[in-house]
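Structure first, commentary second.
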Amino acid sequence: MDKTATQDAIKQTGLTGLLKYTDMLLQPAIQLKTTLVKDQKAEAALKPGTSKFGGIPDLPPEQDWPTWKNIPQSFIAQLRLADLQNYDVHHWLPQDGMLWFFYDARQETYGEDPQDVGGWQVFYRADTNNLKPATVPTNLPVSSRFKSSTVSVASELTLTQQPQLEVTNLKWSDDDQEKYDTVYEQFTDVENKTQPRHRIFGYPDTLQDDMRVQCQLMTNGITDANDPRAAQLSKGANDWQLLLQIDSDEAAGMQWANSGMLFYWIKLSDLQAHKFDHTWLVLQSE
1 MDKTATQDAI
11 KQTGLTGLLK
21 YTDMLLQPAI
31 QLKTTLVKDQ
41 KAEAALKPGT
51 SKFGGIPDLP
61 PEQDWPTWKN
71 IPQSFIAQLR
81 LADLQNYDVH
91 HWLPQDGMLW
101 FFYDARQETY
111 GEDPQDVGGW
121 QVFYRADTNN
131 LKPATVPTNL
141 PVSSRFKSST
151 VSVASELTLT
161 QQPQLEVTNL
171 KWSDDDQEKY
181 DTVYEQFTDV
191 ENKTQPRHRI
201 FGYPDTLQDD
211 MRVQCQLMTN
221 GITDANDPRA
231 AQLSKGANDW
241 QLLLQIDSDE
251 AAGMQWANSG
261 MLFYWIKLSD
271 LQAHKFDHTW
281 LVLQSE
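Residue numbers (my numbering): 1 to 286.
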C-alpha cells in the first residue's frame with residue numbers, strides 16, 4: 001500500500017472528496033513479524049533484552065511479575081526500543097530501553113468496564129543493563145504461558161476503516177461507506193490474513209466497533225453512553241493512539257477469544273511524554 005495507489009483507488013470509486021484527506025486516512029505503523037523459537041534451549045541462548053513474544057521475560061531486578069486478582073499475568077511481549085527506532089517515523093517512542101506487555105492470564109479482561117484497569121500491564125525501563133530471565137511463577141497456568149518467538153521489524157502503511165471517524169464534519173453516507181469498503185478491501189491481502197497481524201501504531205484491524213470512545217469513557221469511569229458526560233468526553237476520543245496490536249497466533253499458543261486480537265491503547269500526550277502507566281486494553285473478536 002502507498003499513497004498514490006490509495007488515491008487511485010479512491011478516484012475509481014468516485015469518492016474524490018476524500019483525496020485531500022489522504023494523509024489523515026493513512027497512518028504509518030511498525031509491523032512486527034514473529035519467528036517461533038525452536039525450544040527452551042534456543043530461548044535460553046537469546047541475549048537478555050532481545051525483542052520477543054512469549055516465553056520468559058527478561059526483567060529488571062526491582063520489577064515484580066505483575067498479577068491480577070491474585071493470579072500472575074501472562075507475558076505477552078518485550079520490545080527493545082533500539083530495534084524500533086528507525087521505523088518510528090513520528091519519533092514517539094524513547095530511543096533506548098525496553099517495553100514489556102502483560103495480560104490477564106484468565107483472559108477475562110475485555111476493556112469494557114472501568115474496573116478492568118489492572119488486568120494488563122505495560123511498563124518501560126530506560127536502563128536495561130541488568131536484565132535477567134525472570135522466574136516463572138508456579139501458579140501461572142500452563143495454558144497461559146506462550147511459546148517464545150523472536151521479532152523482526154518492518155515499515156507498514158495502514159488505512160482507516162472509517163474515514164468519518166478521522167475527518168471532522170465529513171459528509172458521509174452508508175453508500176459512501178460501501179464504496180470505501182471496496183477501497184479498503186483492495187489493500188487487505190488475502191494471503192496475509194492467514195498470518196498474525198502484530199503492529200505498533202497505525203490504524204488497528206478493528207473487529208467490532210471503533211475503540212477510542214471506549215478507551216475515553218472507561219478511563220473516565222463511564223459505562224453508560226447515555227451518561228450526560230459522555231458526549232463531551234467523546235470529543236477527545238481521537239486523543240487515543242494504538243500502541244500495540246497483538247493478533248491470535250496459533251504457533252505461539254496465543255488465542256484471544258474467537259480468533260480475536262488484543263489492542264493496547266495510550267493517549268498521545270502520554271506516549272510523547274514516555275509515560276506508559278495509563279494505557280487501556282481492549283480485546284475484540286469476530
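Just so it is clear, CB atoms sit at the ideal spot from N, CA and C, and this is done for glycine as well. Computed from a predicted structure; not experimentally measured.
From the DSSP output, in three-state form, read off residue i for me.
i	result
Glu-112	coil
Asp-2	coil
Ile-56	coil
Gln-232	helix
Leu-262	strand
Ala-9	helix
Asp-249	strand
Leu-140	coil
Ala-29	strand
Gln-255	coil
Out of the options, point me to the one whose CA is closest to residue i's CA.
i	options	result
Leu-207	Tyr-180, Gly-49, Trp-240 and Ile-246	Ile-246
Val-151	Gln-115, Gly-49 and Val-213	Gly-49
Phe-123	Gln-78, Arg-106 and Tyr-87	Gln-78
Gln-85	Arg-145, Asp-116 and Ala-29	Ala-29
Ala-273	Leu-19, Pro-94 and Ala-5	Pro-94
Val-117	Tyr-103, Ala-44, Gln-232 and Val-213	Tyr-103
Lys-47	Thr-34, Arg-80 and Asp-174	Arg-80
Ser-148	Tyr-180, Phe-187 and Lys-41	Lys-41
Lys-3	Glu-286, Tyr-184 and Leu-36	Tyr-184
If you follow the beta strand (DSSP E) that residue i is part of, which residue opens it and which one closes it?
i	result
Arg-199	198 to 201
Ser-149	149 to 159
Given a cut-off of 8 Å on the beta-carbon distance, is the pair residue i and residue j in contact?
i	j	result
Arg-199	Gln-27	no
Leu-243	Thr-219	no
Pro-137	Trp-65	yes
Ile-71	Asn-139	yes
Phe-187	Leu-159	yes
Pro-204	Thr-34	no
Give the range of the alpha helix (DSSP H) segment to which residue i is assigned.
i	result
Val-213	212 to 218
Val-122	Unbroken run through Val-122 is the beta strand (DSSP E), 120 to 125; no alpha helix (DSSP H).
Glu-178	174 to 186
Gln-272	268 to 272
Met-287	Outside the displayed span of the chain (1 to 286) sits residue 287, for which this structure offers no information.
Does any CB atom of chain D fall closer than 8 Å to the CB of residue i?
i	result
Met-211	Considering every chain present, this structure includes no chain D. It has just one protein chain.
Inset, instruction - Determine contact between the stretch 45 to 63 and the stretch 124 to 132, defined as no fewer than three beta-carbon pairs at a distance below 8 Å. - result: yes
Inset, instruction - Would you check if there are 3 or more beta carbon pairs closer than 8 Å linking the stretch 220 to 231 to the stretch 249 to 261? - result: no
Legend entry - Validate contact between the stretch 167 to 183 and the stretch 10 to 18 using beta carbons, cut 8 Å, 3 pairs: yes
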